[in-house]
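Protein chains in written order, with the working numbering: chain Z, 1 to 123; chain F, 124 to 648; chain R, 649 to 1101. Every residue, glycine too, gets a C-beta built ideally from N, C-alpha and C. Here is the structure we will look at.
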Amino acid sequence: MARYFTEDHEWIELDGNVGTVGISDYAQGQLGDIVFVDVPADGRELSKGDEAAVIESVKAASDVYSPVSGTVIEGNPALADQPDLVNSDPESEGWFFRITLSDPSEVDELMDEASYEAFVAKL
Amino acid sequence: MTINQSGWRPEMTGAQSQAPATSTGNKALMLEEPLIFEIGDETTTGVDLSAQTTGAASRLGGLARSAPIGLPGLSEPETVRHYTRLSRQNYAIDLGLFPLGSCTMKHNPRLNERMARLPGFADVHPLQPVDTVQGALGVINELAFWLMELTGMHGVAMSPKAGAHGELCGILCIKAALEKRGEGQRKVILVPESAHGTNPATAAFAGFTVENIPATTEGRVDTDALEARLGPDVAGVMITNPNTCGLFERDMKRISDAVHAVGGYVYCDGANFNAIVGRVRPGDLGIDAMHINLHKTFSTPHGGGGPGSGPTVLSEALSPFGPLPFTARYQDGHIGLIEEETAGEDHPDSFGRMTAFHGQMGMFTRALTYILSHGADGLRQVAEDAVLNANYVLRSLEGTLDAPFAHSGPCMHEALFSDDGLPDGFSTLDIAKGLIDEGFHPMTVYFPLVVHGAMLVEPTETESKAALDQFIAALRSVAERAKAADASLKTAPHFAPRARLDETAAARKPVLVWKERTPTAQAAE
Amino acid sequence: MLRYLPLTQPDRDAMLSVIGASSIDDLFVDVPEEARLSGPIAGLPNHASELAVERHMTKLARQNTVAGEVPFFLGCGAYRHHVPASVDHLIQRGEFLTAYTPYQPEIAQGTLQMLFEFQTQVARLLGTDVANASMYDGSTACWEAIGMARRITRRGKAILSSGLHPHYVSVAKTMAKYTGDQLETSTPTFTADTDIETLIGRIDADTSCVVVQYPDILGRVADLTPLADACHANKALLIAVVTEPVALGALRSPGEMDADIVVGEGQSIGVGLQFGGPYVGLFGCKEKYVRQMPGRLCGETVDANGKRGFVLTLSTREQHIRREKATSNICTNSGLCALAFSIHMTLLGEAGLRGLAEINHQSACAAADRLAKVPGVTVINDSFFNEFTIDLGREARPIARTLADRGILAGVSLGRLYPGEETLSQGLVVAVTETTTPEDVEAFATALEEVLA
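In structure tokens:
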């Protein structure tokens, strides 16, 4: 399985044609205490760069963009009751949604883990 | 000499740093107060109702209430005590300087309150025949006249209920004017980065696309960038002047002319009108629409967050599109109310009605009372003293706190500082909470967004020099403590009715109404 | 010189020297020359004493007919009720009157706790799970509810009952022009029956919501349960509008009948007539929709010492954070009017509100019976709370004017609310509250007999 990152701090982990999307540890640290996450519903069609989810801290609301195009399979149901999973485990239990990719070649434009780390280090 | 050995002897045993806990949780004059749901019950009432039964049959259509509502009642003395105790947990202008930038927390004259309560204004129904409300319509008409004169504008819509409602009024006028011209393709409203959040929210509501215009390093709109963006898709601009950095937009007339030249309109957010009232008329700057917060410039009480009132002055180009209803004075002195019925003849292009009745009448009587009290000369003095007080604060503190635009010239009615230069771990929030312990309401914090850690101080003209000096000394002291990394600031306020509150918990699991905690529920928690 | 301005000239001079300016004009240097006024605006009078201003305002006030001084029967969205003296005393305490929005919760617990109590009182009254900290008024709350239904259902067609206050319909029409919402509206029929059945027949797969007033503009009351069921069967929402909250002391609440959003005009409780404003919009809904609500919300939490306290919460819905993506552009609520509502409701309590509602209803029943005996007058309603519609057999508006000349404010003529609607022009909507005496009713009925004779 391979993990890729965007410059907007989303990550996507690929398992065949299915990707799991979340936000990076760096991003959750910038946002502070997460109080609410609105994840996309099953079946929603997303294009790369579409606003897919909303993430709220006490004093800020941010949009999470889809790193790829495709169809949403499921949003993470655990986040409704435990939005703090995004703080405590952003790159695993705190995932946002799973998506079936319509164009797997889109991930070629994303960063791998090492490039993302270098990218963040410069911010 | 004789020494009297009887009676008590004053004794000072040092500061009471180890104050004991009280059994009530009260601390002398700081009184804890439960919720009405915890002290009231469903049989107690504080009103006496005449036992007026006529014996007529119930005609409630079979829908008589059977389930209890769950409303606790208190007797009058308990009610008075409950709300009096609650009131004492609030800071207020009546208690001290309230320097919230962009909010214009000035003294609320009590004559205004007395006038608003005259039965001829307070006890009049909005749908009474117009012949029976000539005085009430007279208030609206007279206030409208003053607002037009003070702003140099052609018309005024009186019905908007608050500032944001007035913004909506102005933007809908622009939309209606464009549609009338057949230019509905103009979809873009340009808004500076420093704008109040209501500006983009309003424009988006009306179906416009919002594009941001950057600010210069001076803290003003980047006029060149704005002009470069103008074109046939631009409906207009929304500009706050004086702006939220506390500066006058020097290029306002140039901006207006440029926007007009490409067929757009100019909306001015009038939140900061207090700085220029009586000295500058927005109409002379080419403004097409501007809302006026009566609760700011014209001293109607803020009331813990409303009600506001947002009359919106309009240029000749936009006046035909203003909302219903409005008043009109006829030659015989009679004042009419133009509603849907007669609008067809007199006002066919109106965009429609924004609220059920005629606007915030109770605020109109207060604002008119304030205006008549000050007059043309007094209002001019208001602006001058407001600006003088703000500059005094700015220059007194610019050596203590970072003042990002102090180099840009005099400020208007508010002074902007930032937390730049404070040690790691100390920020605007700590300054604000430290000021609470000094007995002041904090300034506006983290706004405008263009300045990191912004602190916006608006003292207003109703503060004396002594009050300003005390505030300046307090803010300086708190800033020095922050610079010295005084850890006690991180847990401020120490002397308020509550310490810092857990806003994260409140937002994660919202508890918005009171629910009875049953013993089992408590056990489960 | 001016009683509200404390600076003296020596103060001003001293401050200018600290600033380093030679005159006040130096501080206005950024205002372009052509926009600077050299002196007070010409044509406006100068400042005036308290006494002079009081004389002027009092003269204007005397040109109005005061509701409390005549037999008075107007309603249609604003009602005259007795407000206990302590309400006005308490809302004038400076700590409430001259406070701001509670953005610094440590020193605003008074306002915040009051709002939390208000939200709970409103939710219980409307029968909803939650309620917000108030809106501008009933008409704007109604429109906001329609917008909220669109966001929830992602559908754009709202069906408005013919019994909805025509000004509320006008406000919604104004806003819908710009948001692209489609509104289906109609005018009421002059019958005892409401349009619930018709509304049910019009719901389809594009319907976001049905908006129904309870009691409606003519005072009629109908069970909303079948309408709620029909809405939900089509995945649409039911919005109920209550313009007379005292009615809910006697009637089942819309929430009990499964309405999804209930909005109202709270003016009846604590606020007074005030020629139309400021009033206080009530807004409640089912808990699952709370994040789509407009307006401010107060929530319970704890402070750093574990003590219960209150804060404004879920503010990410609001304009100052979400800017162009906010649920609404609203920035203020109607705080002081909400306080007046809450204090009056606390004084009433369950027993007081139900007693008050009973008196209103009984008085209205007696008035309807008396007016029905006036030759030429027919009462339209089978059901009502404290407001009903009478058919005068001829145009009602001139008759209301004639009665006003005789010192009786007789009711709201439907000709004023529905100009051009011939079928309604004979209607007069009559409201009767605890402030109406049997003598008032008799004076009205007698005068009406004479005018109609």
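DSSP three-state assignment for residue i, whether helix, strand or coil
i	result
E13 of chain Z	strand
N694 of chain R	strand
H737 of chain R	helix
D852 of chain R	coil
V253 of chain F	helix
T488 of chain F	helix
D150 of chain F	The residue you asked about is not Asp; residue 150 of chain F is Lys in the sequence shown. Strand, per DSSP.
C724 of chain R	coil
L495 of chain F	helix
K613 of chain F	helix
N1029 of chain R	coil
I672 of chain R	helix
A320 of chain F	According to the sequence shown, residue 320 of chain F is Gly rather than Ala. G320 of chain F: coil per DSSP, three-state reduction.
K303 of chain F	helix
R944 of chain R	coil
V279 of chain F	strand
N1034 of chain R	coil
E74 of chain Z	strand
Y515 of chain F	helix
K805 of chain R	strand
E648 of chain F	Low confidence applies to E648 of chain F: its pLDDT is 38, below 50, so where it sits in the model is not reliable enough to give any reading.
CB of residue i within 8 Å of CB of residue j, strictly
i	j	result
E521 of chain F	E581 of chain F	no
R476 of chain F	V819 of chain R	yes
F96 of chain Z	E7 of chain Z	no
C296 of chain F	G409 of chain F	no
A285 of chain F	Y784 of chain R	yes
F989 of chain R	G918 of chain R	yes
V72 of chain Z	P40 of chain Z	yes
G557 of chain F	L495 of chain F	no
L524 of chain F	F540 of chain F	yes
Y927 of chain R	S856 of chain R	no
L808 of chain R	E792 of chain R	no
Y493 of chain F	F570 of chain F	no
L1057 of chain R	T713 of chain R	yes
T964 of chain R	A61 of chain Z	yes
I559 of chain F	A602 of chain F	no
H418 of chain F	H425 of chain F	yes
E743 of chain R	I159 of chain F	no
H815 of chain R	E1082 of chain R	no
M276 of chain F	S438 of chain F	yes
Strand pairing of residue i, partner residues [DSSP]
i	result
Q593 of chain F	According to DSSP, which records beta bridges pairwise, Q593 of chain F is partnered with nothing at all.
H730 of chain R	Paired residues: none, contrary to the question.
H414 of chain F	F:T435
F36 of chain Z	Z:E56
S62 of chain Z	Z:I55
Y390 of chain F	F:M361, F:A412
I23 of chain Z	Z:E10
Q861 of chain R	R:V889
C933 of chain R	R:V778, R:I909
Distance between beta carbons of residue j and residue i, contact taken as under 8 Å
i	j	result
L1100 of chain R	L1076 of chain R	Not really, about 11 Å apart at Cβ, beyond 8 Å.
A895 of chain R	A1005 of chain R	7 Å
R651 of chain F	D951 of chain R	The structure shown has nothing for residue 651 of chain F, since chain F only spans 124 to 648.
P283 of chain F	P471 of chain F	No, P283 of chain F and P471 of chain F are not in contact; Cβ-Cβ is about 21 Å, not under 8 Å.
Open item on the list: Give me the subset of the stretch 615-626 of chain F whose CB atoms are less than 7 Å from a CB atom of chain Z, sorted by chain position.
Closed with: E626
TODO: Residues of the stretch 61-89 of chain Z with a CB closer than 8 Å to any CB of chain R: list them in chain order, please.
DONE: A61
- [ ] Taking only beta carbons into account, state which residues of the stretch 16-30 of chain Z come closer than 8 Å to chain F, listed in chain order.
- [x] none
Task: Under 9 Å (Cβ pairs) to chain F, residues found in the stretch 30-50 of chain Z - done: G32, D33, I34, V35, F36
TODO: Below 9 Å between beta carbons is the criterion; list the residues of the stretch 321-349 of chain F that meet it against any residue of chain Z, in chain order.
DONE: none
TODO: Please name the residues in the stretch 631-642 of chain F whose beta-carbon is closer than 8 Å to at least one beta-carbon of chain Z, in chain order.
DONE: R631
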